[in-house]
Structure formats: structure tokens, C-alpha cells
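Some notes on the structure that comes next.
In the numbering used here, the protein residues as written are 773 to 917.
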């Protein structure tokens, strides 16, 4: 009888443990997944100019560390990725002269992922950017052109 009780207890414990693992997997934030793919997108398209640490290159490529562009208006940040910069830009009192090409070839989800990654890394602590926000800005951009 004790054997059966022990076996049933072990089975019950295993079932509870599996249920907890499934619950934790389901409760992981989608933003966490965005950070993983966002990092890959950053490494592929952004790292060369903005550097591995997000520090940029003085007077050429702006840093992504606690700047008003990164932490501020999400629409403006999305437009930077969609449209790029073709002339010098002043960011937080510093001037940067390197051209940033448009990255409008990226999917809305990819832009949301990379911008969320940037806004949550390099000592930044800003909220995510959603695919819906990127889609809305892209739609507005198309109407203007």
C-alpha cells in the first residue's frame, strides 16, 4: 500500500511540476521574444554604425544610450528607421553627420522588435514599441508620399 501511495504521490508531483512549467512558458512576455529577435536584427543592421554597446561614433552616428530619440516619442523613432536621415541631425545638443539609410524593407514586426530591444538595452529602460504602432506610422508615411 505504501508503494502505491508513493507512486501516486510521485505522479501527482510530476503532473504539478509540468503544469507549472507550462504556465511559466505561457506567461513569458511577448516583449521577451521581441528582445531576442530584436538583438539579432540590431546585430545585422545597426551594430556597424551604432556599435555593440550602443555608443555610436562621435559626430557621425548618434549613440542609442539614453537619448531623447530613443527614450522619447515612439512615432519619431519609428520614422527614423523607416525614413532614415539624409542630412546632419542634432540630438541632445550633439551634431551627427553620417547618413542613415532607410530601413523600410524591414517588416513591421522586425522594426518593433529592434526598437524595443534598443529601448530596453544599453542602460535604457523604456517601454516597448508594438507592431501595430509601426504599422500605423508606416501607413501614415505612405499617405504623405
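Even glycine gets a Cβ: it sits at the ideal position worked out from N, Cα and C.
Cβ shell of residue i (< 7 Å), same chain only, five flanking positions each side left out
i	result
residue 846	901 and 905
residue 810	885, 886, 888 and 889
residue 880	903, 906, 907 and 910
residue 838	895 and 896
Residue i classed as buried or exposed, judged by whether at least 16 other C-beta atoms fall within 10 angstroms
i	result
residue 835	buried
residue 844	exposed
residue 882	buried
residue 891	buried
residue 899	exposed
residue 813	buried
Nearest candidate by alpha-carbon position, reference residue i, set the options
i	options	result
residue 868	915, 828 and 809	828
residue 824	815, 831 and 838	815
residue 866	898, 830, 897 and 895	830
residue 877	864, 853, 893 and 840	853
Residues near residue i by beta carbon distance below 6 Å, same chain, minus five either side
i	result
residue 870	832 and 833
residue 872	856 and 857
residue 850	906 and 909
residue 821	833
residue 861	868
residue 818	none
Neighbourhood of residue i by C-beta distance below 8 Å, restricted to the same chain and skipping five residues each side
i	result
residue 800	Low per-residue confidence applies at residue 800: pLDDT is 46, beneath 50, and the placement is therefore not dependable, though the value from the model is reported in the following sentence. Nothing meets the Cβ criterion.
### Those runs of the beta strand (DSSP E) which lie wholly inside the stretch 838–885 and span at least 3 residues
The stretch 838–885 is shown to contain whole beta strand (DSSP E) runs of 3 or more residues at 861–863 and 866–868, in chain order.
### Message
My parser needs the alpha helix (DSSP H) runs of 4 or more residues fully inside the stretch 810–834; what are they?
### Response
Fully enclosed alpha helix (DSSP H) runs of 4 or longer: 819–822.
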